[in-house]
Every structure is written in structure tokens, then in C-alpha cells.
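Trainee:
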Amino acid sequence: MKKLSLVDRLEVLAEKGVDLVDPRQIFIDDEVQLDRIFPGSVLFPGTRLLGSGTVVAPGAKLGTEGPATVVNSIIGEGAEIGSGFVTDSVLLSKARIGSNGHIRGGTLLEEEASTAHAVGLKHTILTSFVTLGSLINCCDCFISGGRSRSNHTEIGSGFIHFNFTPWGEAGDKATPSLIGDVPQGVFLRQERIFIGGNSGMVGPNRIGYGTFTVAGQVIRSDVGARRIHAETLRGIDGPWTFEARRLSGSRVERNLEYVGQLAALRCWYVAVRKARLTAEQRQSHLGMTMDAAIHLIDSGMAERWFRLAQFLGVSTLPAMQLPSVACPLAIEPSSMSHVEWLRTLSDDAVGAGTDWLQTIVQEFVGNNQIRT
Numbered sequence: 006m007k008k009l010s011l012v013d014r015l016e017v018l019a020e021k022g023v024d025l026v027d028p029r030q031i032f033i034d035d036e037v038q039l040d041r042i043f044p045g046s047v048l049f050p051g052t053r054l055l056g057s058g059t060v061v062a063p064g065a066k067l068g069t070e071g072p073a074t075v076v077n078s079i080i081g082e083g084a085e086i087g088s089g090f091v092t093d094s095v096l097l098s099k100a101r102i103g104s105n106g107h108i109r110g111g112t113l114l115e116e117e118a119s120t121a122h123a124v125g126l127k128h129t130i131l132t133s134f135v136t137l138g139s140l141i142n143c144c145d146c147f148i149s150g151g152r153s154r155s156n157h158t159e160i161g162s163g164f165i166h167f168n169f170t171p172w173g174e175a176g177d178k179a180t181p182s183l184i185g186d187v188p189q190g191v192f193l194r195q196e197r198i199f200i201g202g203n204s205g206m207v208g209p210n211r212i213g214y215g216t217f218t219v220a221g222q223v224i225r226s227d228v229g230a231r232r233i234h235a236e237t238l239r240g241i242d243g244p245w246t247f248e249a250r251r252l253s254g255s256r257v258e259r260n261l262e263y264v265g266q267l268a269a270l271r272c273w274y275v276a277v278r279k280a281r282l283t284a285e286q287r288q289s290h291l292g293m294t295m296d297a298a299i300h301l302i303d304s305g306m307a308e309r310w311f312r313l314a315q316f317l318g319v320s321t322l323p324a325m326q327l328p329s330v331a332c333p334l335a336i337e338p339s340s341m342s343h344v345e346w347l348r349t350l351s352d353d354a355v356g357a358g359t360d361w362l363q364t365i366v367q368e369f370v371g372n373n374q375i376r377t
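With the sequence shown counted from 1, adding 5 to any position gets you my numbering.
Rendered as C-alpha cells:
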């Protein structure tokens, strides 16, 4: 079959109801599947779409503040990219990336999660409503907390999650951090978290719900729930060699727990989020989005497993043993939005669901013990 020219591809999109604000300044790669660019989406001047995996759902807006390049990514219904570069990522309904974003593989923004300008993300998951300020670099994190658009976890401007340590022959990235968690965070009933701006965090770390960390510091330790936390700058001056390091058992346990959290999130998406879609929704952009999100979580687990092997100095680790724990929630297909459905759950249902997901985390860690 002869490939359509760029002009013809743009004409096909325009005829089916995609709003091309200025077709002269829009590029659609010939690998893009035109039936995955949905009517009602808006492509502003400077938009470039590439890759067969790209989906642009109804109401999505690309390039509202400048040129936007989207590669093999899912831009959900009503989601928006101000400007920048997005690859191998998933934005759910009404999620937003501000201007000059740099969003790399393994990034998932759930409903109404958002970033301001000049934010870089990689292998980072924001649950619904989580908000990031400007000038942020955050890799290898899961961030949750909060309940609504007006009560949400927020990361202040100028924050960096340090996901690299220099020890060893080439350093390591076995440094994922949990801000909140999966078993409680997915139900949108926990206290919000605030991470002060102009600050950083050295992974792997955990931050509890309801906590406020002070601006202008580097967080090097775990912070419990409902704490206000500040750390003083450490003075260090001594001999140094990059080769000197210890294989920390606690570092291994942190990584196992993080992958277990992703395993729980995967079960949540398969047994709850995808299972709630109607037959019609499964054939629409919603089904494509859920499938892409599950694939993204799988890739995140594989990335963490690879980085843990690097840390341990081995070529590969044994195959992950994933738990099989039945979901206790009564799930039926429904057109009700996911956030609305969550708000209908009783406290008993939330408790049972939380226990289910926590069991998955614990069983994953127990089933995948690694000797150091």
C-alpha cells in the first residue's frame, strides 16, 4: 500500500475532525497511525507526532505554548502539552505538561496530574492531582498523596531527585524513591505531601503522607508520616576513591520494595482500571491508554531490575516472581470515570483494597530475595 504524503495525512486528520490550527507548521510522521489521532483533538503550530504507538485522544491539546514533539506516547482525553518533548510516556485524562517539558520513557501522569514549565521526568509516576512546580528534574520516583485538585501532593520549584550515586566502576542508579505509596495512594484518600522547593533528595528514600519538608535542603533520610522535616548540611573532607563502596543489603531491600510497589500498581491497572472499562471503551482510546499504561509499568519494573543487577555487579538477575493475589473489590464495567468511582467506595472497600495491594508488595519482596 502506497504511503500517504504529509499533505494527504494532514488532510485525512482535518476531514475527520482533528483541529489543525496551522497545517503548514505541523508534522505527522508516516509511522503514525491516523486512526489513533482522534476527532476533537487540537494540534497547534509546531506540533510533531512520531511513532506507531502515539495516541492523541479527543480534547487533547498539543503545543499550546510552543513547539511540541510527541513520540510513541499516549495523550489522554483533555490532556495538554504546553511545549517540549514527550517520548514513551502516558498522560491520562486532563493531565498537563507545562512549557519546555522534557518527558522521557516510563513516565505516567494520572488524571489531572500536572507540571509547570521546564520539568524533566523519566521513569516517574504521578498519581491523580499530583502537581510539580517549575525547574524540576525527577527520575525514578513514585509520587502520590492528596484527594482532589485543591488538595494534592506538590513538589516545589527547583527540586531534584538525585537518582545516581558515583560509587563503583560506573556508578549506579539503584536509587528509586517513594513519595507516598501505591497501596494507599491509588485510592486518593491520604493526606497531601509538600516537598519544599530549591531542594533535593538522594534516593532511595521514602516520604510519608501528610509530611512537609522544608525548602532549601537535601533530604538524605526517610521521613515518616505527618512530620515537618529539615536536615543540616553535612561537612565532609576525607580520602576518596570511586571504587570504594559497600554492597548494602538495605539498598537491595529498597529496590525490591519499589519493584513490588510497581507490581501492585500493575495489578491495580489490570484488575481494576482496565476491568472497569466497558466493551465499547476497550475498543476506544481508553482501551489503548490502559494497555499502554500497563506496558509502561512493565517497562518500569524491567528498568529497576536491570539497575539492581548493575548495582550488584551481575549481568542478570533471576526472573521476577510476580504474586498472584485475587482482587477483593467488586469490579463491573461502567462508564463512570475512575476518580468518580473511587469516591463511591466505602471505607471497608478501601481497606480491603489497600490490604490486597500491600499483600502484593510483601509477597513480591518475599518471593524475590537476593543474596548479596
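For every residue, glycine included, the Cβ atom is placed at its ideal position computed from N, Cα and C.
Could you tell me the boundaries of the alpha helix (DSSP H) in which residue 360 lies?
Mentor: In the sequence shown, residue 360 corresponds to position 355, counting from 1. Counting along the chain, the alpha helix (DSSP H) containing residue 360 begins and ends at 352-372.
Trainee: Taking the DSSP output, what are the residues bridged to residue 119?
Mentor: In the sequence shown, residue 119 corresponds to position 114, counting from 1. Answer is 101 and 136.
Trainee: Out of 33, 208, 347 and 146, point me to the one whose CA is closest to residue 335's CA.
Mentor: As a position in the sequence shown, residue 335 is number 330, starting the count at 1. Minimum Cα distance to residue 335 is reached at 347.
Trainee: Please report the straight-line C-alpha distance between residue 119 and residue 244, rounded to a whole angstrom.
Mentor: Your numbering for residue 119 matches position 114 in the sequence shown. Your numbering for residue 244 matches position 239 in the sequence shown. About 43 Å.
Trainee: Under the rule that 16 or more other beta-carbon atoms within 10 Å means buried, what is residue 342, buried or exposed?
Mentor: Reading the sequence shown from its first residue, position 337 is the one you call residue 342. The residue is exposed, with fewer than 16 neighbouring Cβ atoms inside 10 Å.
Trainee: If you draw a straight line from the alpha carbon of residue 170 to that of residue 305, how long is it in whole angstroms?
Mentor: Counting from one through the sequence shown, the residue named residue 170 turns up at place 165. Counting from one through the sequence shown, the residue named residue 305 turns up at place 300. Cα-Cα distance, rounded: 19 Å.
Trainee: Quick check on residue 93: buried or exposed, where buried means 16 or more other Cβ atoms within 10 Å of its Cβ?
Mentor: As a first step, residue 93 is located in the sequence shown; it is residue number 88 there, counting from the start. Result: buried.
Trainee: From residue 11 to residue 99, what does the alpha carbon distance come to, in whole angstroms?
Mentor: Taking the first residue of the sequence shown as position 1, residue 11 is located at position 6. Taking the first residue of the sequence shown as position 1, residue 99 is located at position 94. If I take the Cα positions, the gap works out to 29 Å.
Trainee: Hey, residue 149 and residue 121: beta-carbon distance below 8 Å or not?
Mentor: Along the sequence shown, one-based indexing puts residue 149 at 144. Along the sequence shown, one-based indexing puts residue 121 at 116. No, these two residues do not count as a Cβ contact at 8 Å.
Trainee: From the DSSP secondary-structure annotation, give me the bridge partner or partners of residue 38.
Mentor: Residue mapping note: residue 38 aligns to position 33 of the sequence shown, counting from 1. Answer is none; residue 38 lacks a bridge partner.
Trainee: For residue 53, list the residues DSSP reports as bridge partners.
Mentor: Counting from one through the sequence shown, the residue named residue 53 turns up at place 48. Note: residue 53 sits in a beta bridge opposite 32 and 74.
Trainee: Tell me the rounded alpha-carbon separation between residue 357 and residue 333.
Mentor: Locating residue 357 in the sequence shown gives position 352, where the first residue counts as 1. Locating residue 333 in the sequence shown gives position 328, where the first residue counts as 1. For residue 357 and residue 333, the distance between alpha carbons rounds to 7 Å.
Trainee: Rounded to whole angstroms, what's the CA-CA distance from residue 190 to residue 52? Just pull it up for me.
Mentor: Working through the sequence shown from its first residue, we reach residue 190 at position 185. Working through the sequence shown from its first residue, we reach residue 52 at position 47. Approximately 34 Å between the Cα atoms of the pair.
Trainee: Please classify residue 129: does DSSP put it in a helix, a strand, or coil?
Mentor: Reading the sequence shown from its first residue, position 124 is the one you call residue 129. Three-state result, residue 129: strand.
Trainee: Roughly how many whole angstroms lie between the Cα atoms of residue 156 and residue 74?
Mentor: Locating residue 156 in the sequence shown gives position 151, where the first residue counts as 1. Locating residue 74 in the sequence shown gives position 69, where the first residue counts as 1. Rounded to the nearest angstrom, the two C-alpha atoms are 31 Å apart.
Trainee: Which runs of the alpha helix (DSSP H) spanning at least 4 residues fall entirely within the region 135-207, listed in chain order?
Mentor: With a minimum length of 4 residues, the continuous alpha helix (DSSP H) runs that stay inside the region 135-207 are 187-190.
Trainee: From the DSSP output, in three-state form, read off residue 96 for me.
Mentor: Numbered from 1 along the sequence shown, position 91 holds the residue referred to as residue 96. In this structure, residue 96 counts as strand in the three-state DSSP scheme.
Trainee: Counting Cβ pairs closer than 8 Å, one from the region 258-271 and one from the region 49-68, do we hit at least three?
Mentor: No: the two stretches stay apart, fewer than three of their Cβ pairs being nearer than 8 Å.
Trainee: Leaving out the 5 sequence neighbours to the left and right, which residues in its chain are closer than 8 Å to residue 310 when beta-carbon positions are compared?
Mentor: Looking up residue 310 in the sequence shown gives position 305. Here the set comprises 264, 322 and 325.
Trainee: Going by other Cβ atoms of all chains shown within 10 Å of its Cβ, with 16 needed for buried, is residue 371 buried or exposed?
Mentor: Mapped onto the sequence shown, residue 371 falls at position 366. By the 10 Å Cβ count, residue 371 comes out exposed.
Trainee: Could you tell me the alpha carbon to alpha carbon distance between residue 39 and residue 285, rounded to whole angstroms?
Mentor: As a first step, residue 39 is located in the sequence shown; it is residue number 34 there, counting from the start. As a first step, residue 285 is located in the sequence shown; it is residue number 280 there, counting from the start. When rounded, the distance between both Cα atoms is 20 Å.
Trainee: For residue 41, which residues from the same chain have a beta carbon less than 6 Å from its beta carbon, with the 5 sequence-adjacent residues on both sides left out?
Mentor: Looking up residue 41 in the sequence shown gives position 36. Around residue 41: 60.
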